Structure formats: structure tokens, C-alpha cells
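Report on the following structure.
In our numbering, the protein residues as written are 24 to 144.
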């Protein structure tokens, strides 16, 4: 991995594969509408999951979850509201985080944190 973009793409791919193995149906990756973006939108057991993926090189100074700030959550909330309006989804939603650490061997370590962010619609 040389660039942050390459690291991010590797992390999103690892997260997608992990979620699929856990039984999630991936509805969208890198969903965009205007300035809004969602990393992964997935359906699992009747719940729509907005999944933020944070990827870091293993052994870095900051863990992946440190990048999930209140400002980022506000942006995710606006993007999610836009997605819901665009798709007409009326069911339960949840915000999750997938933390990915990439080891020097290139092997990713993936961890799902469900309900990483609480939002009261």
C-alpha cells in the first residue's frame, strides 16, 4: 500500500467481503448524491445498515475508529437521510463501523462495530 486512497480501497473491499460472509446483502458501495457519500449500504435481517469503513495501516498512531468524529457523523446522517429519501426506505436503520487494519503482509484485520453511532430519527 502506497497511498491513503489505495489503503482505503483495500479496506472497503475487505469490509464488503467480510459483511457478505456474515450474511449482509450489499445494496451500494460508495453511494453518492451531490456532496453526500456512504461507504457501504447493506441489508441484514430486515435492518438497513449504513456502514462507515475506516482503514489504517496496522501499528499506526491512531486507531481506525478515531476518525469517526461528531462532524463525520453529522455528514453521515445527512447522507443517510438523502439515501432514505431517494430510496423510500421506511424500515429500521442502523449506523455501523467497520474497522480495518492492514498489516505489512497486506492481510487485513476486519472488525464490525454494530450501532457504532446512535441516531434518533
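Glycine residues also receive a C-beta, built at the ideal position from the N, C-alpha and C atoms.
Keep in mind that this is a model prediction, so the values were computed, not measured.
Paired residues, beta bridge with residue i - DSSP
{"i": "residue 65", "result": "49, 72"}
Residue i (DSSP reduced to helix, strand or coil)
{"i": "residue 30", "result": "helix"}
{"i": "residue 87", "result": "helix"}
{"i": "residue 118", "result": "strand"}
{"i": "residue 78", "result": "strand"}
Nearest candidate by alpha-carbon position, reference residue i, set the options
{"i": "residue 53", "options": "110, 109, 40, 75", "result": "75"}
{"i": "residue 56", "options": "101, 131, 44", "result": "101"}
{"i": "residue 109", "options": "33, 36, 29, 51", "result": "51"}
{"i": "residue 99", "options": "44, 36, 140", "result": "140"}
{"i": "residue 89", "options": "29, 115, 121, 69", "result": "121"}
Close beta carbons around residue i, own chain, < 6 Å, minus the five adjacent residues each side
{"i": "residue 103", "result": "73"}
{"i": "residue 132", "result": "124"}
Contact set for residue i: own chain, Cβ-Cβ below 8 Å, skip 5 residues either direction
{"i": "residue 26", "result": "none"}
{"i": "residue 112", "result": "71, 106"}
{"i": "residue 138", "result": "117, 118, 119"}
Rounded distance between the beta-carbons of residue j and residue i, thought under 8 Å
{"i": "residue 39", "j": "residue 63", "result": "6 Å"}
{"i": "residue 136", "j": "residue 37", "result": "Contact doesn't hold; Cβ gap of about 15 Å is too wide."}
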